[in-house]
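Trainee: What follows is a single structure, and I will ask about it in a moment.
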Amino acid sequence: MSEQLSFPVHQALSLKLLIEKGQEIEIGAVAELLDAPYPQIAGALQSLAKRGLVTLREEVCEEFMLGSKGKALEDGVLPERRVMEALVAKGGRIHMRDLAQTAGLPQKEAGKAIKPLDRMGAATRDGGYLVAVGRLSEGIVPEPGEHEKLLKHLHTHGSGTVDTLSQAGINAEEAMAALSGRSGIVVIKERRRWSVSLTEKGESLRSDDIVARETVNILDRELLKDGAWRTVDFRPYDVQLASKRLVPGKKHPFRRILEDTKRAFLDMGFTEVTSPHVESAFWGFDALFQPQDHPAREMQDTFYVKRPAVARLPDGEIVERVRQTHECGWETGSRGWGSTWSKDKAREIVLRTHTTAGTIRALAANPNPPQKIFIVGTVFRRETVDYKHLPLFHQVDGIVVDEQGSFSSLLGTLDQFYRKMGFSKFEFRPAFFPYTEPSVEVFVWHEEKKDWVEMGGAGVFRDEVTKPVGCDVPVLAWGLGLERLAMFRYGLASIRDIYHSDIEWLREVPLCR
Amino acid sequence: MPVVGISIERLGHLLRTPVPQDDLVKALERLGCDIEGFGIMRRFRCVRCGFVLEKTATEADPGYCDNCAADFSADPDLREELDSIDVIRLDLLAVRPDMFDVGGLARTLRAYLGHEPGLALYALAEPRLSVQVMPGLDEEESFRPAIACGVVRNLQFDHDLLKEIMRLQENLHWAMGRDRKRASIGIYDLAGISGQIIYRPVGPDELVFTPLGWESPVTPEQILKTHPKGCLFARLFNGFSRYPLLIDDAGQVLSMPPIINSEETKVTLDTREVFIDVTGPGSTLVNKTLNVMMTSILEIFVGSQGEAVTIRQPDDRCAQSPDLSPQEMTLDLDHARRLLGFHFSDEDAPALLGRMGHDAELIPGSRAAVRMPPYRADFLHERDLMEELAVAYGYDRIPRTMVPTMTVASELEGEGLADRVGRILTGLGFLEAMSLMLGNEEDHFSKFGLEVPAYTVLIANPISREQTLVRTWLLPGLLDILSRNTSRELPQSVFEVGNVTVADPDAETGTKDLKKVAMATIGSTAGFANVRSVMEAVVKELDEPFSVQPCVRPYYLEGRSAAVLGMDGEVRGEFGELHPLVLERFKLAYPIICGELLLPGQGWPPAQLMSAARISQTQ
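Sequence order for the protein chains is A and B.
Heads up, the first sequence is in our numbering, so the first residue is 28 and it goes up one at a time.
Heads up, the second sequence is in our numbering, so the first residue is 1367 and it goes up one at a time.
Right, dumping it as structure tokens:
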């Protein structure tokens, strides 16, 4: 007894079939006989071919099919035959105007029959009449030609090759010759098909020795434990079938902007600081040389806090220096604002309107160069709340405290930041802020709006700001809004979309955008 | 910021040299102007008072006169439509009132474009008119001591010019006058004034005059009570028992600054000469405001002639007004080069400054003696001149460099922790939410069955009922987001790592910011065991020893909430199944499990921070 050979199920079945039939078979026929999907049988046979058990042979053959005009023929019968039958029925003579109706053909088709009939010598025009001649006039309708048999065959079977047609007793060559000059009735397409036959090695196999292996769905522990997985096949899956949606836990899209911002400044050697959200007017305004009657400090622009009511002012000389700077310039070289400065106004508590409160605090805590400092945080503005606005947003403020700091290096630092955030088109324009001079505003080009969008302000801190906190070198400073970066990146229409997020949006925004 | 529409035709005329529109836009942007765009300005004239109203292409036709309140909708014949004009729409630059009007803009541009560099000079004719300041105006009962005046002759008004002057006056009231408090401007037809002018305090019922737009005379008191402008600005006379008035020799009242002018001295199309006054509490700003107003009028009206006015103080000191002599400052050019970071030679400096309307002369030691225009109010410090150099040079030409100094970056300690907590929760499948730091009593406390804790920071001037306090905990924000997403697929798991603020009497600002994390899951399978697992995972990953104890909160189901305690026994956080009452109040239809935790390493919160527990037991 010879050794048993195990094959995956489709390979085993194909082999057994080939042994049984003992002849070359077209792959499609194998699939049909085994009632298995064509691609899997083709795959199985390819594997067998690789093992030298079968040979695959490619055949190119012509396939005959009805063309659009052929398909339009009722029962695959040409109009001339219908006309001939009608002529016989009407005694060999039909008026042209009655021809279509009598033959049961559309008007156009009936007319087309006349030329072939003439050529066949079966009928001819005689004035307004079509008259049968020859054998037809004797009531004898000729037998259908090869081409008519072909049409009938194709009408019934859909298609045929030279071989199958010859088996049906049709001479394809002759038939096509008869149809020459009448396009669109029968068309020929080139078709490739594969046939399979056993090789010598394959023929040496005995059907009984071939064993089909099991197909399993799940690779389980049992299969792994004793190596049984080697004897089974795994059912292939439809990889294109939709699967259940999985949403990873994700950071908020705006958080990613905040992180990119921080990353940009950390990359440039900056130290991160923080400062209170609820801030004294002293650090929020006065230390920044913002006059006490400045419109931005008014109740209509700034949130004041009623509980707690007053802040402490810092210890030391700084408060007195700030007072003198406001009133007459102190030792800063400035004329000052020339109005009386009130300690009580400086003690008022506000929700910080800019993170510059954080950088001036940092500068006062350590006024010595060199330093690069930044702060990212929430700021509050008492702006009308509508569909587009909220009373708070985020800023990044930064300062560079450096002997060699200049307006030029300020512009270069901002340039670097916006490049790191992915912008290539931006512009610097003059601006005014009470605490910087020269001052600059950054505009970024918005490709969709086709307009420049203001991103934030910057400048070199005035001496009126730096000297009272004990700093004598240039301090480059900026405060840039961050929500707009998010609105750019994620195509948001409103800042509200950030804080009143649609959870579906949080799920769908790709982490890597 | 107000936006003004500047007539392109008139600007072109005053520039004297044709300038292509693109160059004009570039120049204005390089000077720091914010251009809103170009458009058509539709103009309407009030037939009753002659006031010209302007509307953009998209605005509705005026329904009433802004000046005399004539009702156009009731009587359309009172509204006469004039030709539309092409305008360039500019956002006013508050710090440059000398560029608010077409004349001032043209002056700035002529210098900047190099057509007429350097100081614009204005020769004033000798005074013919005088103003006598009477005693009492420097006293508390009628305080408005500073006055500056000028006269302009050879004027030819049309509707647009009348409008231009009124608009400039209003915008100066806003920008320099801080709504007329610090400076207010009056302009009068000189023909209606006889003899000399007296500036004196007057009792509320001492005399009568006809206010602008009215037909019969009333007392100052009645104006404050009944005239629209009187009502609007009456607060500026708070605490006054006498009101400042300008009156001429014939007893004709010119105005009651800063409230209103008299009808009789009103400027009309027929006016050929005007008298201008500016009054206020301080003379520096009053003088500067007059300089802007006066020089702009001289710019706008080609061929007009300025004339000084003698102002005689109560002590008989006399001075000529306006003072249009240049301001002076010395600029250290080496210092400027270092600070600006780009190179220009000493010899370049006068040309650069000339483009900004200044005269500069080099003096030994690489310095420049600079004379600045009398209408500029933004020079406090040498530094301000350095900016003029930078603007003249062009921000776009300045090289973009970096300071060469090496510094070592460092991230804030707490931020790294917050980031790691975020990673723990995203690892557990939670989506990060970001809610507002502001909230209100209802959403943050009442809905949870809590009273507003004493440590809550309250806003004195909220702008909406939605935001009246600074948040002390994060859970309300998460519930807000869940309640906005009831139509989205469940379950939903969200978290937030963020700042809360509590009052802290020991802190400099009276408050302390704390970093917390909160998480919440909504869905039919949300149960206590899940939130306990999540909370335990978070605390374990934080590497903090902890214990869990039952706790009672009005917003959690009893017996299904717990407090997280540190090893010292202090409450660090809490979690549980939300009470159905809270779900109802937030209009949520599925169970929620949630928790909140103070991040470690911030010191302990004020003891009362966790007082919610006590409140709950008394509920």
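All C-beta atoms in this analysis are idealised placements derived from N, C-alpha and C, irrespective of residue type, glycine included.
All values reported here derive from a predicted model rather than from experimental measurement.
I'd like to know whether the C-beta atoms of A/Gly611 and A/His182 end up nearer to each other than 9 Å.
Mentor: An answer regarding residue 611 of chain A cannot be provided, because it is not within the stretch 28 to 540 covered by chain A.
Trainee: Can you list, in chain order, the residues of the region 433-450 of chain A whose Cβ is nearer than 9 Å to any Cβ on chain B?
Mentor: Flagged, chain order: Ser433, Phe434, Ser435, Ser436, Leu437, Leu438, Gly439, Thr440, Leu441, Asp442, Gln443.
Trainee: Answer yes or no: does any C-beta atom of chain B fall closer than 9 Å to that of A/Phe455?
Mentor: yes
Trainee: Quick one: measure Cβ to Cβ for A/Val213 and A/Leu206, integer angstroms, because I've assumed they're closer than 8 Å.
Mentor: Cβ atoms of A/Val213 and A/Leu206 come within 8 Å of each other, at about 6 Å.
Trainee: Please classify B/Gln1974: is it buried, with 16 or more other beta-carbons within 10 angstroms of its beta-carbon, or exposed?
Mentor: Low confidence applies to B/Gln1974: its pLDDT is 49, below 50, so where it sits in the model is not reliable enough to give any reading.
Trainee: In angstroms with no decimal places, state the Cα-to-Cα distance between B/Leu1381 and B/Gly1480.
Mentor: Taking C-alpha positions only, B/Leu1381 is separated from B/Gly1480 by approximately 11 Å.
Trainee: DSSP on A/Tyr445, reduced to helix/strand/coil?
Mentor: helix
Trainee: Express the C-alpha separation of A/Ile197 and A/Lys176 in angstroms, rounding to a whole number.
Mentor: 7 Å
Trainee: Which residues, in chain order, does the region 1810-1835 of chain B contribute to contact with chain A at a C-beta distance below 8 Å?
Mentor: Correct list: Thr1822, Val1823, Leu1824, Ile1825, Ala1826, Asn1827, Pro1828, Ile1829, Ser1830, Glu1832, Gln1833.
Trainee: What number of angstroms, rounded off, separates the C-alpha of A/Leu417 from the C-alpha of B/Glu1630?
Mentor: 49 Å
Trainee: What would DSSP say about A/Trp256, mapped onto helix, strand or coil?
Mentor: helix
Trainee: What's the call for B/Arg1683, buried or exposed, on a 16-neighbour Cβ count within 10 Å?
Mentor: exposed
Trainee: Can you give me the C-alpha to C-alpha distance between A/Arg374 and A/Thr383, rounded to a whole angstrom?
Mentor: 18 Å
Trainee: For the region 1671-1717 of chain B, which segments carrying the alpha helix (DSSP H) assignment without a break, of at least 4 residues, lie completely within its bounds, in sequence order?
Mentor: The qualifying runs are 1699-1706.
Trainee: Which of the three DSSP states, helix, strand or coil, is assigned to B/Glu1572?
Mentor: coil
Trainee: So B/Phe1404 is in the alpha helix (DSSP H); what residue range does that whole segment cover?
Mentor: Here B/Phe1404 belongs to no alpha helix (DSSP H); instead the beta strand (DSSP E) covers 1400-1412.
Trainee: Helix, strand or coil for A/Arg218, going by three-state DSSP, please let me know.
Mentor: Strand at A/Arg218.
Trainee: In chain B, which residues lie with their C-beta within 7 Å of the C-beta of A/Asp190?
Mentor: Going along chain B, no residue has its Cβ under 7 Å from A/Asp190, so there is no contact; the nearest lies around 59 Å.
Trainee: Taking Cβ positions, are B/Arg1737 and B/Asp1464 nearer each other than 9 Å?
Mentor: It is not a contact, given that the beta carbons lie outside the stated cut-off.
Trainee: Output needed for A/Glu481: all residues of its chain with C-beta closer than 7 Å, excluding positions within five of it in sequence on either side, in chain order.
Mentor: Excluding the 5 residues flanking it on each side, A/Glu481 has same chain C-beta neighbours closer than 7 Å at Glu468, Phe470, in chain order.
Trainee: Confirm, please, whether the CB-CB distance from A/Pro457 to A/His321 is below 9 Å.
Mentor: In this structure, A/Pro457 does not lie closer than 9 Å to A/His321 by Cβ.
Trainee: Taking B/Gln1858 as part of the alpha helix (DSSP H), name the residues at either end of that continuous run.
Mentor: Taken as a continuous stretch (DSSP letters only), B/Gln1858 belongs to no alpha helix (DSSP H), being part of the beta strand (DSSP E) at 1858-1869.
Trainee: Which same chain residues end up closer than 7 Å to A/Leu132 when comparing Cβ atoms and leaving out the 5 residues on each side of it in sequence?
Mentor: Pro106, Arg109
Trainee: Would you identify the three-state DSSP class for A/Val547, choosing helix, strand or coil?
Mentor: Look at the range of chain A in this structure, 28 to 540, and you will see that residue 547 of chain A is not part of it.
Trainee: State the start and end residues of the unbroken alpha helix (DSSP H) segment that holds A/Asp190.
Mentor: Per DSSP, the continuous alpha helix (DSSP H) segment holding A/Asp190 begins and ends at 189-194.
Trainee: What did DSSP end up calling A/Phe330 once you bin it into helix, strand or coil?
Mentor: coil
Trainee: Does the beta-carbon distance from B/Phe1333 to B/Val1675 come in below 9 Å?
Mentor: Not covered by the structure: residue 1333 of chain B. The range shown for chain B is 1367 to 1985.
Trainee: Can you give me the C-alpha to C-alpha distance between A/Ser234 and A/Leu42, rounded to a whole angstrom?
Mentor: 8 Å
Trainee: With contact counted as at least three CB pairs below 8 Å, one residue from each stretch, are the region 1717-1734 of chain B and the region 1661-1678 of chain B in contact?
Mentor: no
Trainee: Check B/Asp1397 in the structure and name its three-state DSSP category.
Mentor: A small fix is needed here, since residue 1397 of chain B is Leu in this sequence, not Asp. Coil.
Trainee: Note down, in chain order, all residues in the region 514-539 of chain A with a beta-carbon under 9 Å from any beta-carbon belonging to chain B.
Mentor: For the region 514-539 of chain A, which is checked against every Cβ of chain B, the residues closer than 9 Å are Ile525, Tyr526, His527, Ser528, Asp529, Ile530, Glu531, Leu533, Arg534.
Trainee: Only counting runs of 3 or more residues, tell me where the beta strand (DSSP E) segments fall wholly within the region 1596-1666 of chain B, in order along the chain.
Mentor: If we require 3 residues or more, the beta strand (DSSP E) runs fully inside the region 1596-1666 of chain B come out as 1609-1614, 1619-1622, 1640-1646.
Trainee: In the DSSP assignment, find the alpha helix (DSSP H) that holds A/Asp524 and state where it starts and stops.
Mentor: 523-526
Trainee: Closer than 6 Å by C-beta to A/Asp328: which residues in its own chain qualify, once you throw out the five before and the five after it? Chain order, please.
Mentor: Arg409
Trainee: Looking at A/Leu114 and A/Ala159, is the spacing between their C-beta atoms short of 9 Å?
Mentor: yes
Trainee: Can you tell me where the alpha helix (DSSP H) holding A/Asp371 begins and where it ends?
Mentor: Element bounds for A/Asp371: 370-374.
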